[in-house]
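Chemist: Protein chains in written order, with my numbering: chain P, 41 to 704; chain U, 349 to 608. Yeah, the Cβ is synthetic: ideal placement off N, Cα and C, and Gly gets one too.
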Amino acid sequence: MGVASTLRREDARLLAGRGQFLDDVPLPGALHMAFVRSPHAHARLNLKGSGAFIFTAADVAGHVAPAQIVPPPGLTVEPVPHPVLADGVVRYVGQPVAAVVAESRAAAEDLAESVEVEYEPLPAVVDPRAGDTMARWEKREGDVAGAFARAAHVVRTERVIPRLAAVPMEPRGALAVEEDGRLTVWSSSQSAHRPRAQLAQSLGRDEASIRVIVPDVGGAFGSKGTLPVETPLVAFAASRLGRPVRWTEDRYENFLSAPQGRGVRGWVELGFDDEGRILALRGRVLADLGAYLLPSTPMPPHTTAMLLAGGYDIPAVEVIVTGARTHKVPTAPYRGAGRPEASYLIETALDEAARRLGLDPLALRRRNLVRSFPHRTALGWTYDSGAFEACLDRAVDLIGDVEPQEPGVLVGVGFALAVERSGGLHEHASVTREGDEVVVRAGSVPSGQGHETLFAQLAAERLGVDPAMVRVITGDSDALAQGVGSFASRTATMGGNAVVAAADDLLAGGPGVARFESDQVFTSGAYAAVVEVVRATGEVRLRRLVAVDDAGRILHPRLAEGQVIGGAVQGLGAMLSEEVVHDASGQPVSASLLDYALPTAAEIPEFATAFVESPSPLNPLGVKGIGESGTIGAPPAIANALAAAIGRHLDPPYTAQRVWEALR
Amino acid sequence: MKPAPFEYVAVDSWDAALEALTDGARVLAGGQSLVPLLNLRLVRPARLVDVTPIVGLIRRTDGVLRIDATVRQATLERSRIVAAHWPLLAQAVRHVGHPATRSRGTVGGSVAHADPRAELVCALTALDARYETMARTLVERTVRDTVSATRTGPPTLGPGELLTGIVIPPLPPGAKTAFAEHARTHGSFAEAAAAVVLAEEHAAIAILGAGRATAAERALLDGASAAEAAALAADLVDGDHPRALVTELTRRALVEAGRA
Numbered sequence: 041m042g043v044a045s046t047l048r049r050e051d052a053r054l055l056a057g058r059g060q061f062l063d064d065v066p067l068p069g070a071l072h073m074a075f076v077r078s079p080h081a082h083a084r085l086n087l088k089g090s091g092a093f094i095f096t097a098a099d100v101a102g103h104v105a106p107a108q109i110v111p112p113p114g115l116t117v118e119p120v121p122h123p124v125l126a127d128g129v130v131r132y133v134g135q136p137v138a139a140v141v142a143e144s145r146a147a148a149e150d151l152a153e154s155v156e157v158e159y160e161p162l163p164a165v166v167d168p169r170a171g172d173t174m175a176r177w178e179k180r181e182g183d184v185a186g187a188f189a190r191a192a193h194v195v196r197t198e199r200v201i202p203r204l205a206a207v208p209m210e211p212r213g214a215l216a217v218e219e220d221g222r223l224t225v226w227s228s229s230q231s232a233h234r235p236r237a238q239l240a241q242s243l244g245r246d247e248a249s250i251r252v253i254v255p256d257v258g259g260a261f262g263s264k265g266t267l268p269v270e271t272p273l274v275a276f277a278a279s280r281l282g283r284p285v286r287w288t289e290d291r292y293e294n295f296l297s298a299p300q301g302r303g304v305r306g307w308v309e310l311g312f313d314d315e316g317r318i319l320a321l322r323g324r325v326l327a328d329l330g331a332y333l334l335p336s337t338p339m340p341p342h343t344t345a346m347l348l349a350g351g352y353d354i355p356a357v358e359v360i361v362t363g364a365r366t367h368k369v370p371t372a373p374y375r376g377a378g379r380p381e382a383s384y385l386i387e388t389a390l391d392e393a394a395r396r397l398g399l400d401p402l403a404l405r406r407r408n409l410v411r412s413f414p415h416r417t418a419l420g421w422t423y424d425s426g427a428f429e430a431c432l433d434r435a436v437d438l439i440g441d442v443e444p445q446e447p448g449v450l451v452g453v454g455f456a457l458a459v460e461r462s463g464g465l466h467e468h469a470s471v472t473r474e475g476d477e478v479v480v481r482a483g484s485v486p487s488g489q490g491h492e493t494l495f496a497q498l499a500a501e502r503l504g505v506d507p508a509m510v511r512v513i514t515g516d517s518d519a520l521a522q523g524v525g526s527f528a529s530r531t532a533t534m535g536g537n538a539v540v541a542a543a544d545d546l547l548a549g550g551p552g553v554a555r556f557e558s559d560q561v562f563t564s565g566a567y568a569a570v571v572e573v574v575r576a577t578g579e580v581r582l583r584r585l586v587a588v589d590d591a592g593r594i595l596h597p598r599l600a601e602g603q604v605i606g607g608a609v610q611g612l613g614a615m616l617s618e619e620v621v622h623d624a625s626g627q628p629v630s631a632s633l634l635d636y637a638l639p640t641a642a643e644i645p646e647f648a649t650a651f652v653e654s655p656s657p658l659n660p661l662g663v664k665g666i667g668e669s670g671t672i673g674a675p676p677a678i679a680n681a682l683a684a685a686i687g688r689h690l691d692p693p694y695t696a697q698r699v700w701e702a703l704r
Numbered sequence: 349m350k351p352a353p354f355e356y357v358a359v360d361s362w363d364a365a366l367e368a369l370t371d372g373a374r375v376l377a378g379g380q381s382l383v384p385l386l387n388l389r390l391v392r393p394a395r396l397v398d399v400t401p402i403v404g405l406i407r408r409t410d411g412v413l414r415i416d417a418t419v420r421q422a423t424l425e426r427s428r429i430v431a432a433h434w435p436l437l438a439q440a441v442r443h444v445g446h447p448a449t450r451s452r453g454t455v456g457g458s459v460a461h462a463d464p465r466a467e468l469v470c471a472l473t474a475l476d477a478r479y480e481t482m483a484r485t486l487v488e489r490t491v492r493d494t495v496s497a498t499r500t501g502p503p504t505l506g507p508g509e510l511l512t513g514i515v516i517p518p519l520p521p522g523a524k525t526a527f528a529e530h531a532r533t534h535g536s537f538a539e540a541a542a543a544v545v546l547a548e549e550h551a552a553i554a555i556l557g558a559g560r561a562t563a564a565e566r567a568l569l570d571g572a573s574a575a576e577a578a579a580l581a582a583d584l585v586d587g588d589h590p591r592a593l594v595t596e597l598t599r600r601a602l603v604e605a606g607r608a
């Protein structure tokens, strides 16, 4: 089933300002919520204010419960869920201490400012190496010690990946109203059904008494896959006060209080035989988890460890993951969610090995590639499909020859493989005929990717109708009994196959309802970068970026390429300029768009993209996720290109000063 | 990110602005620097006096450029007079924020805000700009003044003092100009920048945040190469990497302006 690369049908609405984002949802008479947030990274607190429009930890105790933490299998965590509101102690700058409501956001901020709180500052842990252990997991397979004992060469690397902010154009938020015992919550989210389940748990209500609606979402990048701790408070206040309550997160709150990504220190040890074959890998992952656990906090470091062998056939692997508690906002999935960390650690370790052993980095990769599929990794995940060498060949081809350099400019070319888990679990959809229309209802929730275009085309093609006749409804927990949502690059795979299955059910005379279930599938790819460094200043320019992705069958090349480029731009931002910085006392010093350097159009290099299609055998469409590839593949390719230019590895971001100092 | 309450007064003349500029008031001249500070409640003026309704023009009279303080940065960027006769301003203003902020930000606001990282101040310093101000004396008399920049940039405005315009002399015949900058990303605050004017018997170099590089200018008049002059310009800044940046950016600007 191939789909033409049509224009995105949602663009006419979204680009012309006719979208309806959370703050556009009209709900007359809504009160506005604002938060008293901790100005200290760690402090005892004594809150003095109280009033009908001020909610403290004491006011919500017994009414709003913290979100439950369900860690990945085998990973043990300390029982430190994120409190709803701080009670007696605050553990990061921006932690909610009290919620207030007023007739306007400005009045709510005035009220929040008037709440008297005494803080007694305490020492803050900023470096995760000094933090208590909040999560731990280890796994080993094969004769790791024996392999290292007989290795001809052992190469060890230590890398630091800073924390990053997701910075969606539209920050988070919620709007809630209770009418006739039914709570309706509009949430800027990546799912409608998961927030419904979490609100039910937090508020102690039946799921049936809650409806979650997700309006247009202005970017999410994983940061809206975790329900904000503030959202149950919005719902609680709406119930308690009998009026609609709105919280539209502002940019400053988003920088301080939205979960951040990455924040990993990783050690990789590779044992090689005398022909450059990798005999064994030892990995240590120290993750800066922040002050508390959100439901999704333990997931990324686990993924990092499981994917540490990358695209290489390594028979013996040992990984130890430690999640450290620091006085910072919690981390959680951010586009890539553990996979960019894994690809950065293994791919920069391979280039380090190539430099040490005097081998060509491409030849070293080719010698160790996984070549037959399905491939079960030492740690037990199964790569369902792939063509790693074909991807690498294509990337070599597309990067071309690097032109001779100008005087004073160093040039380097770097390559990296990317392996990505995507999809998994299940997803739901329905396809029905309603009058002249076909209506698709999907559990997947878009935040800019183009789901409406994709689902309309899949259903139209299956039913033999014009896509213009298909209406797509997403983001409403009342539209479908069950649904999962959009994260882990799962929508084309899980949602797409669910829509097709629902259409098939309709064609077969059924009600047009489907639940599609599958194991995770493994996307892969090869990335290449050309980096220039001005010797005199350390200025870094990314000249060219090549992305070759194997996401199985490509359903809609335009949407797929959009995902690759968007992800790669976030990946280059992570390497060239972005970094969440805290000072020694735990104060964030990058909490604005003036200080957190997002890439602009001017930083975007020449791009070449290509697809290698090895269909997944795990779903009828043969597809694999493409939503995060760019953030996974681009960073290590850029790191390896920089290392090739200056002769040694550097951790990001590649500010002129950092590179210049490395060149001294 | 909503400001603390304040009173908003819009004025359409400088006299009205002076009158409105009471204790605790601040001038709003586009707001691209001030509004973020207001929203973070880092500044809490009792009153904002919005001067942007005061008509701002760019005019060239007898070869002298006058830019009213309320001229938008985007207007400066698109001005044919500026492009033809003072290209350095057009070269510099492209580095100020982003197109959206330049459509609101004013030239006078940028100067009066006096951020040491302001590109326009750096360029104006290289152009020997003079600044027109207005103030009220204790006896409520309006005083107009035109002051030259100091070596390090425009004069600091006192309380109750307004910047009303900027006056720039003509460039020497055949002058070439260049502006070179390094910022983490395009439109971020600059880490270093150099503005250069070169002509027969004329050399002006201004370094961002540090003012005129007079030793480098003298060396250029004595025949120094771009690299030699650039090394002297770096003496204006502290720190090894800032010095490296200033050296290289000054050299690039000088080369672009025609010095080998």
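Which residues in the same chain as Ala-205 (chain P) place their Cβ atom closer than 7 Å to its Cβ, once the five residues preceding and following it in sequence are excluded?
Modeler: Excluding residues within five positions, the ones whose Cβ falls inside 7 Å are Phe-295, Gln-300, Val-620, Tyr-636.
Chemist: Hey, out of P:Leu-402, P:Pro-447, P:Val-449, P:Glu-446, whose CA is closest to Ala-430 (chain P)'s CA?
Modeler: Of the candidates P:Leu-402, P:Pro-447, P:Val-449, P:Glu-446, the one whose C-alpha sits nearest the C-alpha of Ala-430 (chain P) is P:Leu-402.
Chemist: With distance defined between alpha-carbon atoms, name the residue in P:His-622, P:Gly-667, P:Ala-685 nearest to Val-369 (chain P).
Modeler: Out of P:His-622, P:Gly-667, P:Ala-685, P:His-622 has the C-alpha closest to the C-alpha of Val-369 (chain P).
Chemist: So for Ala-576 (chain P), helix, strand or coil by DSSP?
Modeler: Note: Ala-576 (chain P) maps to coil in three-state DSSP.
Chemist: Step through the CB atoms of chain P and report whether any lies within less than 8 Å of the CB of Arg-408 (chain U).
Modeler: No, Arg-408 (chain U) does not count as interfacial toward chain P.
Chemist: Excluding sequence positions up to five away, which residues of its chain have a Cβ less than 6 Å from the Cβ of Ala-417 (chain U)?
Modeler: Once the five neighbours on either side are set aside, the close Cβ partners of Ala-417 (chain U) are Gly-456, Leu-511, Thr-512, Gly-513.
Chemist: Is DSSP giving Glu-643 (chain P) helix, strand or coil here?
Modeler: DSSP places Glu-643 (chain P) in helix when its eight states are reduced to three.
Chemist: Is the beta carbon of Ala-577 (chain U) less than 8 Å from the beta carbon of Ala-567 (chain U)?
Modeler: Yes, they are a contact pair.
Chemist: Counting only beta-carbon atoms, is Leu-602 (chain U) nearer than 8 Å to chain P?
Modeler: Leu-602 (chain U) does not count as touching chain P.
Chemist: Sorted by chain position, which residues of the same chain lie with C-beta nearer than 8 Å to Arg-375 (chain P)'s C-beta, five sequence neighbours on each side aside?
Modeler: The residues are Ala-206, Phe-261, Gly-262, Gly-301, Gly-607, Gln-610, Gly-667, Glu-668, Thr-671.
Chemist: Please confirm whether Glu-596 (chain U) has its beta-carbon closer than 8 Å to some beta-carbon of chain P.
Modeler: Glu-596 (chain U) counts as touching chain P.
Chemist: On the CB-based measure, 16 or more other CB atoms within 10 Å of its CB, does Leu-405 (chain U) come out buried or exposed?
Modeler: By the 10 Å Cβ count, Leu-405 (chain U) comes out exposed.
Chemist: Compare the C-beta of Leu-388 (chain U) with all C-beta atoms of chain P and state if any pair is closer than 8 Å.
Modeler: Chain P contact via Cβ: present.
Chemist: Return the chain-ordered ranges of every alpha helix (DSSP H) run that is complete within the segment 577-646 of chain P and spans a minimum of 4 residues.
Modeler: DSSP runs (the alpha helix (DSSP H)) wholly in the segment 577-646 of chain P: 597-616.
Chemist: Using CA atoms only, rank isn't needed, just tell me which of U:Thr-400, U:Leu-472, U:Ala-477, U:Glu-467 is closest to Thr-454 (chain U).
Modeler: Residue U:Thr-400 is the option with its Cα nearest to Thr-454 (chain U).
Chemist: Using a Cβ-Cβ cut-off of less than 9 Å, give me the residues of the segment 517-547 of chain U that come near chain P, in sequence order.
Modeler: Residues passing the 9 Å Cβ filter: His-530, Ala-531, Arg-532, Thr-533, His-534, Gly-535, Ser-536, Phe-537, Glu-539, Ala-540.
Chemist: Name, please, each residue of chain P whose Cβ falls closer than 9 Å to the Cβ of Leu-593 (chain U).
Modeler: Near Leu-593 (chain U) (Cβ distances below 9 Å), the residues of chain P are Ala-576, Thr-577, Gly-578, Glu-579, Ala-696, Gln-697, Trp-700.
Chemist: Less than 8 Å between the CB atoms is what I'm expecting for His-122 (chain P) and Pro-112 (chain P), so what's the real figure, rounded?
Modeler: Wrong, their Cβ atoms sit about 18 Å apart, outside the cutoff.
Chemist: Could you check whether Pro-660 (chain P) and Val-540 (chain P) sit closer than 8 Å to each other, using their CB atoms as the reference points?
Modeler: In this structure, Pro-660 (chain P) lies closer than 8 Å to Val-540 (chain P) by Cβ.
Chemist: With C-beta atoms as the reference, is Gly-311 (chain P) less than 8 Å away from Ala-191 (chain P)?
Modeler: Yes, Cβ-Cβ distance for Gly-311 (chain P) and Ala-191 (chain P) is below 8 Å.
Chemist: Buried or exposed, going by whether 16 or more other CB atoms sit within 10 Å of the CB of Ala-541 (chain U)?
Modeler: By the neighbour-count rule (16 or more Cβ atoms within 10 Å), Ala-541 (chain U) is buried.
Chemist: Does any residue of chain P have a CB that is nearer than 8 Å to the CB of His-443 (chain U)?
Modeler: His-443 (chain U) does not count as touching chain P.
Chemist: At a Cβ threshold of 8 Å, is Ser-617 (chain P) touching chain U?
Modeler: Answer yes: the Cβ-Cβ gap between Ser-617 (chain P) and chain U drops below 8 Å somewhere.
Chemist: Inspect the CB distances between the segment 487-497 of chain P and the segment 553-569 of chain P and report whether three or more fall short of 8 Å.
Modeler: No, the segment 487-497 of chain P is not in contact with the segment 553-569 of chain P.
Chemist: Per DSSP, what are the beta-bridge partners of Trp-226 (chain P) in this structure?
Modeler: In the DSSP output, where bridge partners are listed per residue, Trp-226 (chain P) has P:Leu-215, P:Ile-253.
Chemist: Taking Thr-473 (chain U) as the reference, give the member of U:Ala-551, U:Pro-447, U:Ile-402, U:Asp-410 with the closest Cα.
Modeler: Measuring from the Cα of Thr-473 (chain U), the nearest candidate turns out to be U:Ala-551.
Chemist: Quick one: what does DSSP say Asp-516 (chain P) is sitting in, helix, strand or coil?
Modeler: Of the three classes helix, strand and coil, the one that applies to Asp-516 (chain P) here is strand, per DSSP.
Chemist: Quick check: the Cα distance between Ser-632 (chain P) and Arg-291 (chain P), rounded to an integer number of angstroms?
Modeler: Rounded to whole angstroms, Ser-632 (chain P) to Arg-291 (chain P) spans 7 Å at the Cα level.
Chemist: Rounded to whole angstroms, what is the Cα-Cα separation between Leu-585 (chain P) and Ile-644 (chain P)?
Modeler: Their Cα atoms are separated by approximately 9 Å.
Chemist: So is Thr-288 (chain P) in contact with chain U if we call contact Cβ pairs under 8 Å?
Modeler: Answer no: the Cβ-Cβ gap between Thr-288 (chain P) and chain U never drops below 8 Å.
Chemist: Along chain U, in chain order, which residues have C-beta atoms closer than 8 Å to that of Leu-638 (chain P)?
Modeler: Under the 8 Å cutoff, chain U gives Thr-533.
Chemist: I need the straight-line Cα distance from Met-41 (chain P) to Leu-437 (chain U), nearest angstrom please.
Modeler: Because the pLDDT at Met-41 (chain P) is just 45, under 50, the model does not fix this residue reliably, and the value given afterwards should be weighed accordingly. Cα to Cα, Met-41 (chain P) sits roughly 57 Å from Leu-437 (chain U).
Chemist: Along the alpha helix (DSSP H) that carries Ser-197 (chain P), what are the first and last residues, could you check?
Modeler: Note on identity: in this sequence residue 197 (chain P) is Thr, with Ser being the wrong assignment. Careful: Thr-197 (chain P) lies outside any alpha helix (DSSP H), inside the beta strand (DSSP E) at 193-204.
Chemist: Are the CB atoms of Leu-151 (chain P) and His-82 (chain P) within a distance shorter than 8 Å?
Modeler: Result no, Cβ atoms of His-82 (chain P) and Leu-151 (chain P) do not sit closer than 8 Å.
Chemist: I want to know whether the segment 503-521 of chain P touches the segment 437-449 of chain P - three or more CB-CB distances under 8 Å.
Modeler: No: fewer than three Cβ pairs fall under 8 Å.
Chemist: Just how far apart, CA to CA, sit Pro-384 (chain U) and Gly-452 (chain P)?
Modeler: So the alpha carbons of these two residues sit roughly 40 Å apart.
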